[in-house]
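To start, the structure itself, in structure tokens.
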């Protein structure tokens with residue numbers, strides 16, 4: 211198992227998975243007699259297996275599966291259950307922490323944010339009590355990243371705690387494979403800190419952290435983390451109006467993973483982001499093929515936090531005035547589906563975005579009352595949640611402004627334009643390069659619209 215862990219990050223993920231499978235099969239051959247000390251080996255091997263196989267997780271039947279030839283597809287839920295059962299047979303809190311961390315990673319894909327946060331919190335507490343610094347670091351990295359979607363300030367503080375733990379020397383880790391896994395954990399932590407910076411509107415800091423993370427990852431040897439960090443950086447470049455760079459990054463990432471990811475959640479999201487990029491770039495004809503392909507990937511390998519994101523992108527495509535198959539009524543149905551789903555799963559970013567987009571759709575359908583109600587709910591939900599991951603608050607505020615203005619309520623509308631402009635300019639100030647800052651102001655459609663509306667009222671950037 212230590213040998214398998216040593217190969218992670220240095221050899222293709224498939225080979226690491228097969229090495230872990232060989233260890234598990236040797237344990238299975240002994241049957242119940244393999245319990246006892248072997249339970250620890252089983253849990254630790256399953257940790258490496260799930261880490262190395264993330265790109266190939268499946269969830270078609272509600273139970274993610276790993277399908278690496280020649281091993282048959284096995285439910286991820288079953289593997290997590292194996293780990294938790296083995297850990298529970300011991301009195302080892304570190305093993306229980308490891309198993310709960312795996313459960314949290316699985317739940318955020320298949321169940322809900324609340325369920326994942328509960329499991330990850332338990333993992334952190336168990337690891338700390340056991341003095342297992344590495345497992346605490348891993349669980350804090352995921353807990354902080356997930357918490358940002360619920361409470362920005364708390365999520366950032368958890369990531370800062372993880373960064374403090376990461377500064378400890380490798381000899382602080384009790385098991386030898388932990389030192390082998392540490393570089394990839396640190397790369398993920400660096401990337402998640404970058405994502406949190408992006409969520410706060412700190413563009414330059416976010417880009418620096420995300421590029422640092424990607425530099426440490428490999429599309430061949432660590433394809434899951436590589437795909438995730440690529441889509442985060444792709445989001446940032448798109449949001450900043452650097453469309454050519456985003457296109458190059460996402461196209462390369464999709465091409466690298468294509469031979470290995472026929473039904474991958476992460477491949478699906480990167481394809482969806484490529485489609486979203488073309489929407490922002492006002493190229494709806496180019497947006498449709500990757501968006502629809504990404505949607506097919508995600509339906510084959512669902513992820514409860516990513517499905518609503520792509521559903522919203524599809525709705526935006528259907529509302530685009532230049533799209534040949536424009537269907538605003540269908541778009542509004544998709545936004546309603548997202549709102550209902552997110553109330554169950556707890557992913558508030560997509561809920562707020564769907565309310566905002568639904569308000570625009572209702573206005574296009576000639577239903578101003580629904581538009582007013584939906585835009586009001588969007589700003590109310592944003593006020594309740596605070597900053598949301600990668601959600602453009604300025605777009606939520608500007609949509610409220612436009613809809614109030616269309617209803618002849620300029621006095622009520624103007625403060626929302628002021629708020630949108632304030633958020634936009636604050637983000638712009640985090641971009642040091644004047645040309646990059648200008649791209650953010652002039653190439654991003656939402657930025658352009660906010661500044662144009664503000665200019666009509668005598669404001670200048």
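In this note's numbering, the protein residues as written are 211 to 671. Each residue gets a CB set at the ideal place from its N, CA and C atoms; glycine is no exception.
So residue i is in the alpha helix (DSSP H); what residue range does that whole segment cover?
i	result
residue 465	453 to 467
residue 414	413 to 425
residue 554	538 to 555
residue 399	386 to 409
residue 442	433 to 449
residue 257	247 to 262
residue 344	343 to 358
residue 328	323 to 340
residue 311	303 to 320
residue 602	Per DSSP, residue 602 belongs to no alpha helix (DSSP H) and is neither H nor E.
residue 236	223 to 238
residue 374	362 to 376
Indicate the three-state DSSP secondary structure (helix, strand or coil) for residue i in the structure shown.
i	result
residue 218	strand
residue 285	strand
residue 656	helix
Among the options, which one has its Cα closest to the Cα of residue i?
i	options	result
residue 561	519, 502, 329, 302	519
residue 535	342, 497, 406, 547	497
residue 389	430, 354, 347	347
residue 403	356, 383, 428, 384	356
residue 300	248, 575, 349	248
residue 365	409, 305, 545	409
residue 222	261, 254, 539	261
residue 466	443, 433, 217, 482	433
residue 256	239, 305, 240, 219	305
residue 264	239, 250, 596, 312	312
residue 339	625, 331, 303	303
residue 475	458, 504, 485, 494	504
residue 318	345, 307, 297, 359	359
residue 418	641, 220, 603	641
residue 509	523, 484, 478, 373	478
residue 428	517, 393, 638	393
residue 596	633, 397, 582, 622	633
residue 435	451, 411, 480	480
residue 605	630, 290, 647	630
Could you tell me if residue i is buried or exposed, where buried requires 16 or more neighbouring beta carbons within 10 angstroms of its beta carbon?
i	result
residue 550	exposed
residue 499	exposed
residue 424	buried
residue 558	buried
residue 445	buried
residue 401	buried
residue 492	exposed
residue 539	exposed
residue 494	buried
residue 406	buried
| In chain order, which continuous runs of the alpha helix (DSSP H) of length 4 or greater are located wholly inside the stretch 475 to 524? | 475 to 490, 494 to 510
| query | Which full runs of the alpha helix (DSSP H) of 4+ residues lie inside the stretch 563 to 646, going along the chain? | reply | 578 to 595, 603 to 616, 620 to 638
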